[in-house]
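Here the structure is laid out as structure tokens; the discussion comes afterwards.
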Ligand SMILES: [Zn+2]
């Protein structure tokens, strides 16, 4: 990120957290030292994720935003490396693996619990075609069904904590 991009990025934090980070030249320089090797797009995504997290009420620290990110150089080095998904067997670029794996895990959850609690034999393909938001919505609906019907008290307790946190119950 350039120093201008860092400044704009800090403005986003300022707007969301009523801070004044972007006004202070030393703060901008300090953040730039840590953020300069990362892409603007990745930092924006990271901030979006942060604002949906458990810690969303406090202004983000740099390390929290950079936690999961790779530098532009690291991404370049990994761009031709693929990993085989343990769920669907597809070859997936390593950089997209985490997200892909999350989706496949969600689909496996839907198929398993659709069979167990609704006695449905769902076709996987319909789920693969869904957008992230549509799939997320399906998973929450299924979690509500599982929460309602499961006899596993530990599963029920864990779902209760999660569903309350996302305000689904
Ligand atoms: Zn997969």
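Numbering (this note's numbering), first residue to last: 37 to 205.
Just so you know, even glycine gets a beta-carbon here, dropped at the ideal spot from N, CA and C.
Computed from a predicted model, the values in this text were never measured in an experiment.
Whole-angstrom distance between residue j and residue i, CA atom to CA atom
i: residue 137; j: residue 78; result: 19 Å
i: residue 91; j: residue 148; result: 32 Å
i: residue 119; j: residue 113; result: 15 Å
i: residue 61; j: residue 108; result: 25 Å
i: residue 202; j: residue 115; result: 34 Å
i: residue 174; j: residue 59; result: 43 Å
i: residue 73; j: residue 100; result: 16 Å
i: residue 67; j: residue 48; result: 14 Å
i: residue 134; j: residue 51; result: 30 Å
i: residue 75; j: residue 125; result: 30 Å
i: residue 110; j: residue 37; result: 15 Å
i: residue 178; j: residue 86; result: 25 Å
beta-carbon residue i near ligand 1 non-hydrogen atom, thresh 7 Å
i: residue 126; result: yes
i: residue 68; result: no
i: residue 123; result: yes
Beta carbon of residue i nearer than 8 Å to that of residue j
i: residue 117; j: residue 130; result: yes
i: residue 96; j: residue 83; result: yes
i: residue 26; j: residue 140; result: With the chain covering only 37 through 205, there is no way to say anything about residue 26.
i: residue 157; j: residue 151; result: yes
i: residue 102; j: residue 80; result: no
i: residue 204; j: residue 180; result: yes
Per DSSP, cross-strand counterpart(s) of residue i
i: residue 167; result: The partner list for residue 167 (beta bridge, DSSP) is empty, contrary to what the question assumes.
i: residue 120; result: 127
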